[in-house]
Amino acid sequence: MRYLPLTESDRGAMLAAIGASSVDDLFRDVPAEARLARALDLPNHAGEMEVERRLSALAAPNMTAGSVPFFLGAGVYRHHIPAAVDALIQRGEFLTSYTPYQPEVSQGTLQYLFEFQTQVALITGMEVANASMYDGATACAEAAAMACRITRRPEVLLSGSLHPHYRAVTATALQHTGHRIEELAPDPVGIEDLMGRIGGDTACVVVQNPSFFGGLRDLAALAAACRAEGALLVVAVAEPVSLGLLKSPGAMGADIVIAEGQSLGVGLSFGGPGLGLFATREKYVRQMPGRLAGQTVDADGRRGWVLTLSTREQHIRREKATSNICTNSGLCALAFSIHMTLLGEQGFRRLARINHAAAAKLAARLRAIPRVRVLARRFFNEFALLLPTAAAPVVEELAARRILAGVPASRFYPDFPELADVLLVAATETATESDMDALAAGLAEVLK
Amino acid sequence: MTGYRDGHRGILLEEPLIFEQDSPGCSGVDLPEVEGAEDTLDGLLREGPIGLPDLAEPSVVRHYTRLSQKNFGIDSVFYPLGSCTMKHNPRLNERMARLPGFADIHPFQPETTVQGALALIDECARWLKTLTGMPAIAMSPAAGAHGELCGLMTIRAALDARGEARRRVLVPESAHGTNPASAAACGYMVDSVPANARGRVDLAALKAKLGPDVAAFMLTNPNTCGLFEDEILEIAAAVHAAGAFFYCDGANFNAIVGRVRIADLGADVMHINLHKTFSTPHGGGGPGAGPTVLSHALAPYAPLPLVIHDAGGLRLVEHPLDPALRATGAAPLGRLKGYHGQFGTFVRALAYMMSHGADGLLQASSDAVLAANYLLAELSGDLTPSYPGPCMHEALIDDRFLKDTGATTLDIAKALIDEGFHPMTMYFPLVVHGALLIEPTETESKATLDAFVATLRDIVRRAKSGEGPALREAPHLAPRRRLDETTAARQPQLRWFPPAPAKAAE
Amino acid sequence: MSALYFTKDHEWISVEGDVGTIGITDYAQVHLGDLVFVELPEVGRKIASGKEAAVVESVKAASDVFVPVSGEVIEVNKAVVDKPALVNENPEGAAWLFKLRLADPSELKGLMDRKAYQAYCNTLE
Numbered sequence: 124m125r126y127l128p129l130t131e132s133d134r135g136a137m138l139a140a141i142g143a144s145s146v147d148d149l150f151r152d153v154p155a156e157a158r159l160a161r162a163l164d165l166p167n168h169a170g171e172m173e174v175e176r177r178l179s180a181l182a183a184p185n186m187t188a189g190s191v192p193f194f195l196g197a198g199v200y201r202h203h204i205p206a207a208v209d210a211l212i213q214r215g216e217f218l219t220s221y222t223p224y225q226p227e228v229s230q231g232t233l234q235y236l237f238e239f240q241t242q243v244a245l246i247t248g249m250e251v252a253n254a255s256m257y258d259g260a261t262a263c264a265e266a267a268a269m270a271c272r273i274t275r276r277p278e279v280l281l282s283g284s285l286h287p288h289y290r291a292v293t294a295t296a297l298q299h300t301g302h303r304i305e306e307l308a309p310d311p312v313g314i315e316d317l318m319g320r321i322g323g324d325t326a327c328v329v330v331q332n333p334s335f336f337g338g339l340r341d342l343a344a345l346a347a348a349c350r351a352e353g354a355l356l357v358v359a360v361a362e363p364v365s366l367g368l369l370k371s372p373g374a375m376g377a378d379i380v381i382a383e384g385q386s387l388g389v390g391l392s393f394g395g396p397g398l399g400l401f402a403t404r405e406k407y408v409r410q411m412p413g414r415l416a417g418q419t420v421d422a423d424g425r426r427g428w429v430l431t432l433s434t435r436e437q438h439i440r441r442e443k444a445t446s447n448i449c450t451n452s453g454l455c456a457l458a459f460s461i462h463m464t465l466l467g468e469q470g471f472r473r474l475a476r477i478n479h480a481a482a483a484k485l486a487a488r489l490r491a492i493p494r495v496r497v498l499a500r501r502f503f504n505e506f507a508l509l510l511p512t513a514a515a516p517v518v519e520e521l522a523a524r525r526i527l528a529g530v531p532a533s534r535f536y537p538d539f540p541e542l543a544d545v546l547l548v549a550a551t552e553t554a555t556e557s558d559m560d561a562l563a564a565g566l567a568e569v570l571k
Numbered sequence: 017m018t019g020y021r022d023g024h025r026g027i028l029l030e031e032p033l034i035f036e037q038d039s040p041g042c043s044g045v046d047l048p049e050v051e052g053a054e055d056t057l058d059g060l061l062r063e064g065p066i067g068l069p070d071l072a073e074p075s076v077v078r079h080y081t082r083l084s085q086k087n088f089g090i091d092s093v094f095y096p097l098g099s100c101t102m103k104h105n106p107r108l109n110e111r112m113a114r115l116p117g118f119a120d121i122h123p124f125q126p127e128t129t130v131q132g133a134l135a136l137i138d139e140c141a142r143w144l145k146t147l148t149g150m151p152a153i154a155m156s157p158a159a160g161a162h163g164e165l166c167g168l169m170t171i172r173a174a175l176d177a178r179g180e181a182r183r184r185v186l187v188p189e190s191a192h193g194t195n196p197a198s199a200a201a202c203g204y205m206v207d208s209v210p211a212n213a214r215g216r217v218d219l220a221a222l223k224a225k226l227g228p229d230v231a232a233f234m235l236t237n238p239n240t241c242g243l244f245e246d247e248i249l250e251i252a253a254a255v256h257a258a259g260a261f262f263y264c265d266g267a268n269f270n271a272i273v274g275r276v277r278i279a280d281l282g283a284d285v286m287h288i289n290l291h292k293t294f295s296t297p298h299g300g301g302g303p304g305a306g307p308t309v310l311s312h313a314l315a316p317y318a319p320l321p322l323v324i325h326d327a328g329g330l331r332l333v334e335h336p337l338d339p340a341l342r343a344t345g346a347a348p349l350g351r352l353k354g355y356h357g358q359f360g361t362f363v364r365a366l367a368y369m370m371s372h373g374a375d376g377l378l379q380a381s382s383d384a385v386l387a388a389n390y391l392l393a394e395l396s397g398d399l400t401p402s403y404p405g406p407c408m409h410e411a412l413i414d415d416r417f418l419k420d421t422g423a424t425t426l427d428i429a430k431a432l433i434d435e436g437f438h439p440m441t442m443y444f445p446l447v448v449h450g451a452l453l454i455e456p457t458e459t460e461s462k463a464t465l466d467a468f469v470a471t472l473r474d475i476v477r478r479a480k481s482g483e484g485p486a487l488r489e490a491p492h493l494a495p496r497r498r499l500d501e502t503t504a505a506r507q508p509q510l511r512w513f514p515p516a517p518a519k520a521a522e
Numbered sequence: 003m004s005a006l007y008f009t010k011d012h013e014w015i016s017v018e019g020d021v022g023t024i025g026i027t028d029y030a031q032v033h034l035g036d037l038v039f040v041e042l043p044e045v046g047r048k049i050a051s052g053k054e055a056a057v058v059e060s061v062k063a064a065s066d067v068f069v070p071v072s073g074e075v076i077e078v079n080k081a082v083v084d085k086p087a088l089v090n091e092n093p094e095g096a097a098w099l100f101k102l103r104l105a106d107p108s109e110l111k112g113l114m115d116r117k118a119y120q121a122y123c124n125t126l127e
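Residue numbers (this note's numbering), protein chains in the order written: chain A, 124 to 571; chain B, 17 to 522; chain C, 3 to 127.
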């Protein structure tokens, strides 16, 4: 077996040194009736070529985004990832290291986490950010729990603009801890009354911008309403590229910002792994979940970095920790950070403008199709279309023509018949003119 | 230390922050300029600069390359971190995860266009169920602690369905901190169970604590002292007799893969750390994955999404109103993760499992246990093992051997760095004093193990012969010497800020 | 004339009239190491005997400070919040943590005096 360096003679010599007669002897603490007596129903070992063949056979039938006109978003966005990102994250010193608990031999990881935290704080307009969470949805649940800790209030108000998976994960994660989750109905056109729902029990309002349905809004008034009631404003960002163009959540008065970082550096990968971004005000840092890298000096007075404020975490606080989370999403945070560094200030802002321009162009084209409406007036790179018929079969029909048109809202809200005709369509810098032509022509034809 | 201007040591070069290398006018990407599209966004547009630095691609590549060189990784050094299973990360796994058919597909494409991806999840699930002997699995948890939460939530859902409001979870005092933290996140009170003199669960104490208000007992097996719980069947029977569930923490699954199925130990649920046992890389702290196997009693409560077979092939159950759930009587506890779990990690784990096969996985766990026992035997003359062997996949040593040397566990660990080894896990588990927990894994050669033994013995002998206080200065040769964690915590600096502008000339 | 008592959780309480001043012992600060963070209760909070009132943290450990007797917090020592190192320097003096108006001074009965506490610490070594 190619991954096992011990030889038979090594094994013999090691057993002799131990004073054991066989490896089975080392397992003598396992009760006899619990030992596996027969072979498992699994194949035996296989060479690289064989494994590659078998897995390639599973990969081959999938319709890849890059091979067709592709317009899916709904929280996961396809962007061009510079070649350097993947080359760098595959360096063994990044790929095969552990959590940087030994700072003397982990300065590489710690420094990029410090840089990552700074980048996240800058783009969200917040004071501090952590070293990342599992994904946007779990970060959202953690933000809600954090707001309840800070305000000592039980109620979490989830906007209808919030991604349905973020809503579901938050409701699931907080179901046993004395929290109350109030969910507003899905809100494709941005008319819900959140402010009227904030009360003395409200720990936080969680709102997404751009909305799950693509719409944009200024959150300053909502932030003021939260402040007036002593509640916190949590802003979710499912498409971080939007932050290159739009006013940051921090500038609009957010107390906690969570985001999905997958758009930058990570790729689609069928939705996982991604990475959760988590930023807040400095005064709340001790209530923040997740790892933090901080700057300090070494014994020679040289600048260096360590994991810090660990007393918030489970390995020290156990059942009193801010969260049960142990890992961050280190390698994805690295990919995000490298991509962001390659973009820089100018590139990030330009990328955002290109995305918006692409979506605006696509919206204009689709709006021209008879009986098709664009629901949001103002959007970033994704918008909801109202079709004259159910969206799901249309998407299937277009997929059969090798066009991945978008995501039908019914996939998330089968219990809301009024959303059956709603289709989410996203256009990033990867959408070409001919892709857009293909979608417009295909959609017009299917709707005929 | 050195006479060189920037303090370089050998090929390890000092590297400033990206923010200190801002070079306006440079860019690492070539993107076309577009104009005028944001006319409709009045009042919503960002005002003023963000503050991100601009660098050209060569500077970026050099920056991250230099950073990487300041890290130890499994690729470069022996990395015997106990309870972390730092084994070789095969590059085939990486290549497979990057096949466009896996890497370039969207989670919300029509299921007809991703049948191969769903088959991959299903196949990965089949391997994990077969290796554990368990009938069901929740694939979506993102990491071990997330799997713990998933497992405890299924337990709570099953108890709620029975109408039993049990409120206490028992956890051994030697447990990982995630166990009590996960139990608390599930709304349970945590009650700690002591260990016996043999480093295992004190069965009598456990029985005394079991009662009608206990929801579950969480146990890592092999346990965090690296020992197999030899009374596991009695433990499982006692837990079940009390009407509670038996949660097995799979952190140490690497010791028994292919040899012992946790179903045969009486477990009701176990999370599997794919990044440990199945070598999807640790990546400097994630992403991991924590699929959680479930018994028949807990299976109906598995969180969404589920992958099922139906007439049209494989499909996803993503919504609680899906008719397929009604048909089977399943009552998912909700959703724990966006999308469909850590798909890219599943690809890597399956590539690993297929490469080993049933025979290779058994050989791997056998070699892991053999290597740990070899280290335990070779080190027992100079160091002080906490418990007699055999151990499982990791060897636990405490700091009695350092008595009166002036050196601590920490000093020994830091001295290893100068010798080209990553330290072992220190001060965990908490049940022995000054713990050193050494997990070699199966992917180290005997020559590496021997070199580690010789080095560690040498350090210990130095400590015992009066050099203890000198070891407090280690490491000397790492990119940084010991870092001041007290100052870092007292005055947290968690991000970079631009230097204050120099005072304008008068 | 004040009376000084100690707890098994390594807190001290100095009582004068119906006001108790509470801090952690020298033994506690030695074992925690360099303190980096202190969190104190709000003035006016009523705390029942045996409940957590404050938190002291070093880099690698966090420890709850329990109140040995019930009472209402009437004053906290802001100096230790600003400079946790004070607790390491003078734990049983200037680095007191907070003052309580005692609800029931009879609860002091079960506590140790300095000699008994010293003996208790010796058993822990």
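Ideal Cβ placement from N, Cα and C applies to all residues, glycine included.
- When DSSP assignments are scanned along the stretch 188-255 of chain B, the uninterrupted stretches of beta strand (DSSP E) that are 3 or more residues long and fall wholly within it turn out to be 205-209, 230-236.
- Each residue's CA atom was taken as its position, placing V385/B and G376/B some 14 Å apart.
- Put simply, the CB of M286/B is far from chain A, with every gap to its CB atoms at 8 Å or more.
- Counting along the chain, the unbroken beta strand (DSSP E) around K101/C starts and ends at 100-104.
- Under a criterion of Cβ atoms nearer than 8 Å, no residue of chain C is adjacent to T274/A; the nearest Cβ is some 14 Å distant.
- Across the set I76/C, S65/C, K101/C, the C-alpha of S65/C shows the shortest separation from the C-alpha of V32/C.
- Listed as beta-bridge partners of R303/A by DSSP are E278/A.
- By the Cβ neighbour-count rule, K111/C is exposed, with fewer than 16 other Cβ atoms within 10 Å of its own.
- Under the DSSP assignment, I24/C falls in the beta strand (DSSP E) whose first and last residues are 21-26.
- Rounded to whole angstroms, the Cβ separation of R290/A and E306/A is 6 Å, and the two are in contact under 8 Å.
- Chain order gives the chain C residues near R506/B as V38, P86, where near means a beta carbon separation below 7 Å.
- Note on geometry: alpha-carbon atoms of W98/C and I24/C lie some 6 Å from one another.
- For L211/A, the closest C-alpha among the options M102/B, E73/B, I121/B is that of E73/B.
- Against chain A, the CB of K62/C has a partner CB under 8 Å away; the residue lies at that interface.
- Contact check for A431/B and Y443/B: beta-carbon distance about 16 Å, past the 8 Å limit, so the pair fails to qualify.
- Against chain A, the CB of C202/B has a partner CB under 8 Å away; the residue lies at that interface.
- Using a 10 angstroms sphere on the CB of Q331/A, the tally of other CB atoms reaches 16 or more, which defines it as buried.
- Counting the other Cβ atoms within 10 Å of the Cβ of R277/B gives 16 or more, which makes it buried.
- In this structure, Y221/A lies away from S460/A, with their beta-carbon atoms at least 8 Å apart.
- Contact holds between the stretch 237-245 of chain B and the stretch 187-195 of chain B, because three or more Cβ pairs, one in each stretch, are under 8 Å apart.
- Contact of E59/C with chain A by beta-carbon distance below 8 Å involves T434.
- Boundaries of the alpha helix (DSSP H) harbouring H372/B: 359-395, taken from the DSSP string.
- Shown here, A550/A sits in coil according to DSSP, grouped into three states, outside any helix or strand.
- Residues of the stretch 467-478 of chain A whose Cβ lies closer than 7 Å to any Cβ of chain C: none.
- Check the Cα spacing between F261/B and each of C100/B, T293/B, P228/B: the tightest is with P228/B.
- For the pair L395/B and V469/B, the CB atoms are nearer than the 8 Å cut-off.
- Under a 10 Å Cβ-count criterion, D474/B is classified as exposed, with fewer than 16 other Cβ atoms of the shown protein chains found around its own Cβ.
- Residues C263, A266, A267, A270, C327, V328, V329, V330, A377, D378, I379, V380, I381 of the same chain have their beta carbon placed closer than 8 Å to that of V357/A, with the five preceding and five following residues left out of the count.
- Identification of residues in the stretch 130-157 of chain B having a C-beta nearer than 8 Å to some C-beta of chain A yields V130, Q131, G132, A133, A135, L136, E139, W143, T146, L147, given in sequence order.
- At least one CB of chain B lies nearer than 8 Å to the CB of I439/A.
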